Amino acid sequence: MMLDVTGLGAFYGEQQALFAVGFELDAGQVRTLLGANGAGKTTVLRALCGMVRTAGDIRFDGKSINGWATEDIVRLGVAHVPEGRGTFVRLTVEENLQLGAMTRRDHAAIAADIERIYDHFPRLKERRTQQAGLLSGGEQQMLAVGRALMLRPRLMLLDEPSFGLAPLIVEELFGILREVNRETGVAMLIVEQNAALALEFAEYAYLLETGRIVMNGPAATIAADEGVRRAYLGY
Amino acid sequence: MQLLLQQVMAGLANGAIYACVALSVVMIFLAIDHLNFAQGEMATFSTFIAWQFIHWGLPYWVAFIAVVAVSFIGGIAIERVLFKPLHHAPILASLVGFIALFSILNSGDGYIWDYTIKSFPTPFGNKPLFGSVLIDTHEAGMIGVTAMMLGLIYLFFRGTRLGLAMRAAAANPESARLVGIRVGWMTALGWGLAAAIGAVGGMLIAPVVFLEPNMMFGVLLYGFAGAVLGGLTSPAGAVIGGFAVGVIENLAGTFIPYVGRDLKLTIALVVIVAVLMVRPSGIFGRAVVSRV
């Protein structure tokens, strides 16, 4: 198992935000964390990246990475596309992409990867020398995904990639994510408020309520559940 | 006209030093969001080390390069030992840290090298440049060395991966960590560079103002004025601001009655206050907006 999380707790100061959360993810798998606002979805991703204080056990390739610094976890091949996209707004589009490969040393391959990202997202190529802060929301989200891919990640953590985007852009973005998953076998853990979208995209889902996992199963099973349908899918 | 040109050139020469100091201040400000009051004392300390090296018989340029290297390492050491532990501390703790650093270095200078004024050599000489009365060779050297250093720094930040990583770490530490940049070390590196740039400024100005523990006090004020004028968030702005303050200072001293030599330092403060009133983020700086 590539990622194996057991009994995960997370804390903001004295406040506990996650309680005994457990889940797992293997290479190439696409899984989703669903839940309402404030359920702790973002916190799970932040905990995996060492951005909040945690308790419990997080294992990556069987190695415990609890309490590791964010930059060391990233170096294992974990790419986090954060909420709010984390764009370096004053730097150019191309510099943003180069930063994604900051931990790599294979210079020739980096240049080739940037071209591959531009193939996926031609809009970014048109704007390669522009300040990233001037991009539209959709373009910034594509840049954030592109930056994460520049790491050649083994695991991608995606925090609300559909947030604030027009439906057509969302479709395009998820299409590319699907393609990348097939091509490179990168595992994806995706957090979404748009449950219908996430359940269609992922193979397996976990449902989070007030910091606890209350349900899990294949995406189709979860989508068919009466309670989930009413509470999260709205029909 | 002759007088005006002469004063502008002399202003540019001093401005080169203010630009060095302003740039060091801005580099640390970008990395840790605080003004380093001890920047001038760090430069003075470096200059004393240079004086010692030269006194021991090292050739000027060997001493110069050695001191730049020593200051770079010293700057990193100061960050690691003194300011890294204060990283999450309230702002007043950092402030006390700066004051401590200021007094330690200032008193250290006096303790090790005593308070008598020392002359400091210039490798450029003090003859008129090309027989012109506009500027002498040392002033030209100050401008030249500063310009070369600024060029190197520009190339470093624009053209290297490490420079890009430092810019990213300063602009957005959280995102920088998420691409695997060791932000703490980038901050330390910023301190090292700031110390090295300050050392260059100190060694260039020492032949003009003479070496003593409080040598950089006035210079630091002008440097701050330059940084504020250009914008504390803009390295290029700080450099331009530094040069501008040098020219303003000299022209005001010459052409505004009563200012003369005595009230020149006041000009720096007037510039700071005026800029803060009219355009708090400086000419090239950006307003800091925090999203809540």
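Keeping their order, the protein sequence lines are chains A and B. Quick note: the first sequence uses numbering that gives the first Met the number 0, first residue 0, plus one each step. Quick note: the second sequence uses numbering that gives the first Met the number 0, first residue 0, plus one each step. All C-beta atoms, glycine included, are put in the ideal place defined by N, C-alpha and C. These numbers come from a predicted model, not from an experiment.
Within 9 Å of chain A by C-beta, residues of the segment 153-169 of chain B in sequence order: 160, 163, 164, 166 and 167
Which chain C residues sit within Cβ distance under 9 Å of residue 97 of chain A? Included in the structure are the protein chains A and B, with no chain C among them.
For residue 81 of chain A, which residues in chain B fall below 9 Å Cβ to Cβ? Looking up residue 81 of chain A in the first sequence gives position 82. The answer, in chain order, is 173, 174 and 177.
Of all the CB atoms in chain A, is at least one closer than 8 Å to the CB of residue 291 of chain B? Along the second sequence, read from residue 1 onward, the residue named residue 291 of chain B stands at position 292. With a pLDDT of 43 at residue 291 of chain B, under the threshold of 50, the modelled position of that residue is not reliable, and the figure given next carries that caveat. Judged by the 8 Å Cβ criterion, residue 291 of chain B is not in contact with chain A.
Suppose contacts are defined by Cβ-Cβ distances below 8 Å. Is residue 234 of chain B in contact with residue 109 of chain B by that definition? Along the second sequence, one-based indexing puts residue 234 of chain B at 235. Along the second sequence, one-based indexing puts residue 109 of chain B at 110. Going by C-beta atoms, residue 234 of chain B is not nearer than 8 Å to residue 109 of chain B.
On the DSSP bridge list, what partners appear for residue 217 of chain A? On the first sequence, position 218 is the one that residue 217 of chain A refers to. DSSP lists A:203 as partners of residue 217 of chain A.
Residue of A:154, A:211, A:224 and A:216 minimising C-alpha distance to residue 60 of chain A: The residue you call residue 60 of chain A lines up with position 61 of the first sequence. Selected option, being the one with the closest Cα: A:154.
Grab me the residues of residue 271 of chain B's own chain with a C-beta within less than 6 Å of its C-beta, minus the 5 sequence neighbours each way, in chain order. The residue you call residue 271 of chain B lines up with position 272 of the second sequence. Result list for residue 271 of chain B: 224 and 227, in chain order.
Since residue 4 of chain A and residue 64 of chain A should fall inside the 8 Å C-beta cutoff, what is the C-beta to C-beta distance between them, to a whole number of angstroms? The residue you call residue 4 of chain A lines up with position 5 of the first sequence. The residue you call residue 64 of chain A lines up with position 65 of the first sequence. No, residue 4 of chain A and residue 64 of chain A are not in contact; Cβ-Cβ is about 10 Å, not under 8 Å.
In whole angstroms, give me the CA-to-CA distance for residue 22 of chain B and residue 173 of chain A. As a working mapping, residue 22 of chain B is identified with position 23 in the second sequence. As a working mapping, residue 173 of chain A is identified with position 174 in the first sequence. C-alpha separation (whole angstroms): 45 Å.
Figure out for me which residue from B:267, B:252 and B:182 has the closest Cα to the Cα of residue 260 of chain B. By 1-based counting over the second sequence, the position of residue 260 of chain B is 261. Of the listed residues, the one whose Cα sits closest to residue 260 of chain B is B:252.
Only counting the same chain, and skipping five residues up and downstream in sequence, which positions put a Cβ closer than 7 Å to that of residue 50 of chain A? Numbered from 1 along the first sequence, position 51 holds the residue referred to as residue 50 of chain A. Counting only Cβ-Cβ distances below 7 Å, and skipping sequence neighbours, we find 69.
What is the C-beta distance between residue 66 of chain B and residue 202 of chain B, in whole angstroms, given that I count them as a contact (C-beta under 8 Å)? Working through the second sequence from its first residue, we reach residue 66 of chain B at position 67. Working through the second sequence from its first residue, we reach residue 202 of chain B at position 203. Contact holds; Cβ gap of about 7 Å.
Here's the rule I'm using: 16 or more other beta-carbon atoms within 10 Å means buried, otherwise exposed. How should residue 135 of chain B be labelled? On the second sequence, residue 135 of chain B is found 136 positions in, with the first residue counted as 1. Residue 135 of chain B comes out buried.
Under 7 Å Cβ-Cβ, which residues of chain A neighbour residue 180 of chain B? On the second sequence, residue 180 of chain B is found 181 positions in, with the first residue counted as 1. Those are 70 and 101, listed as they occur along chain A.
Given this structure, state the Cα-to-Cα distance separating residue 236 of chain B from residue 191 of chain B, to the nearest angstrom. If you number the second sequence from 1, residue 236 of chain B lands on position 237. If you number the second sequence from 1, residue 191 of chain B lands on position 192. Rounded to the nearest angstrom, the two C-alpha atoms are 21 Å apart.
Length of the line joining the Cα atoms of residue 90 of chain A and residue 132 of chain A: As a working mapping, residue 90 of chain A is identified with position 91 in the first sequence. As a working mapping, residue 132 of chain A is identified with position 133 in the first sequence. Roughly 8 Å separates the two Cα atoms.
Would you call the CB atoms of residue 16 of chain A and residue 210 of chain A closer than 8 Å? Reading the first sequence from its first residue, position 17 is the one you call residue 16 of chain A. Reading the first sequence from its first residue, position 211 is the one you call residue 210 of chain A. Cβ distance < 8 Å, so residue 16 of chain A and residue 210 of chain A count as in contact.
Just mark residue 158 of chain A as buried or exposed, buried being the case when its beta carbon has 16 or more other beta carbons within 10 Å. Within the first sequence, the letter at position 159 stands for residue 158 of chain A. Answer is buried; the Cβ neighbour count reaches 16.
Roughly how many whole angstroms lie between the Cα atoms of residue 12 of chain A and residue 206 of chain A? As a working mapping, residue 12 of chain A is identified with position 13 in the first sequence. As a working mapping, residue 206 of chain A is identified with position 207 in the first sequence. So the two alpha carbons sit approximately 25 Å from each other.
Compute the Euclidean distance between the alpha carbons of residue 186 of chain B and residue 87 of chain B, then round it to the nearest angstrom. Reading the second sequence from its first residue, position 187 is the one you call residue 186 of chain B. Reading the second sequence from its first residue, position 88 is the one you call residue 87 of chain B. Cα-Cα distance, rounded: 14 Å.
Mind checking residue 291 of chain B: buried by the 16 CB within 10 Å criterion, or exposed? Mapped onto the second sequence, residue 291 of chain B falls at position 292. Because the pLDDT at residue 291 of chain B is just 43, under 50, the model does not fix this residue reliably, and the value given afterwards should be weighed accordingly. Answer is exposed; the Cβ neighbour count stays below 16.
Thinking C-beta only, is residue 47 of chain B closer than 8 Å to residue 163 of chain B? Locating residue 163 of chain B in the second sequence gives position 164, where the first residue counts as 1. Locating residue 47 of chain B in the second sequence gives position 48, where the first residue counts as 1. Not closer than 8 Å, so no.
If you drop the 5 nearest sequence neighbours on each side, which residues of the same chain put their C-beta closer than 6 Å to that of residue 19 of chain A? Taking the first sequence and counting its residues from 1, the one referred to as residue 19 of chain A is at position 20. Only 6 meet the Cβ criterion.
From B:269, B:274 and B:238, residue whose alpha carbon lies closest to that of residue 11 of chain B: Position 12 of the second sequence, counted from the first residue, corresponds to residue 11 of chain B. The shortest Cα separation from residue 11 of chain B among B:269, B:274 and B:238 belongs to B:238.
Return the chain-ordered list of same chain residues with a C-beta closer than 6 Å to the C-beta of residue 15 of chain B, the five sequence neighbours on each side being excluded. Here the question's residue 15 of chain B lines up with position 16 in the second sequence. 141, 142 and 145.
Would you list the residues sitting across from residue 22 of chain A in a DSSP beta bridge? What you label residue 22 of chain A is simply residue 23 of the first sequence in a count that begins at 1. In the DSSP output, where bridge partners are listed per residue, residue 22 of chain A has A:4.
Taking C-alpha atoms, which residue in B:281, B:241, B:216 and B:262 lies nearest to residue 104 of chain B? Start at 1 with the first residue of the second sequence, and residue 104 of chain B comes out as number 105. Of the listed residues, the one whose Cα sits closest to residue 104 of chain B is B:216.
Is residue 231 of chain A near the ligand NAD, going by C-beta to nearest heavy atom under 7 Å? Absence of the ligand NAD is noted for the structure shown, with no ligands found whatsoever.
For residue 129 of chain A versus residue 92 of chain A, is the C-beta spacing smaller than 8 Å? Along the first sequence, read from residue 1 onward, the residue named residue 129 of chain A stands at position 130. Along the first sequence, read from residue 1 onward, the residue named residue 92 of chain A stands at position 93. Cβ distance < 8 Å, so residue 129 of chain A and residue 92 of chain A count as in contact.
Taking the alpha helix (DSSP H) that residue 18 of chain B falls in, what are its first and last residues? Taking the second sequence and counting its residues from 1, one reaches residue 18 of chain B at position 19. Note, residue 18 of chain B: alpha helix (DSSP H), 1-31.
State the DSSP-derived secondary structure class of residue 222 of chain B, mapped to helix, strand or coil. The residue you call residue 222 of chain B lines up with position 223 of the second sequence. Correct three-state label for residue 222 of chain B: helix.
Every unbroken beta strand (DSSP E) inside the segment 126-173 of chain A [3 residues or more]: 154-158
If residue 253 of chain A and residue 196 of chain A are in contact, beta carbons under 8 Å, what's the gap, nearest whole angstrom? A query on residue 253 of chain A cannot be resolved here, the shown segment of chain A reaching from 0 to 234 and no further.
Please report the residue range of the beta strand (DSSP E) in which residue 188 of chain A lies. As a first step, residue 188 of chain A must be located in the first sequence, where it is residue number 189. Taken as a continuous stretch (DSSP letters only), the beta strand (DSSP E) holding residue 188 of chain A covers 186-191.
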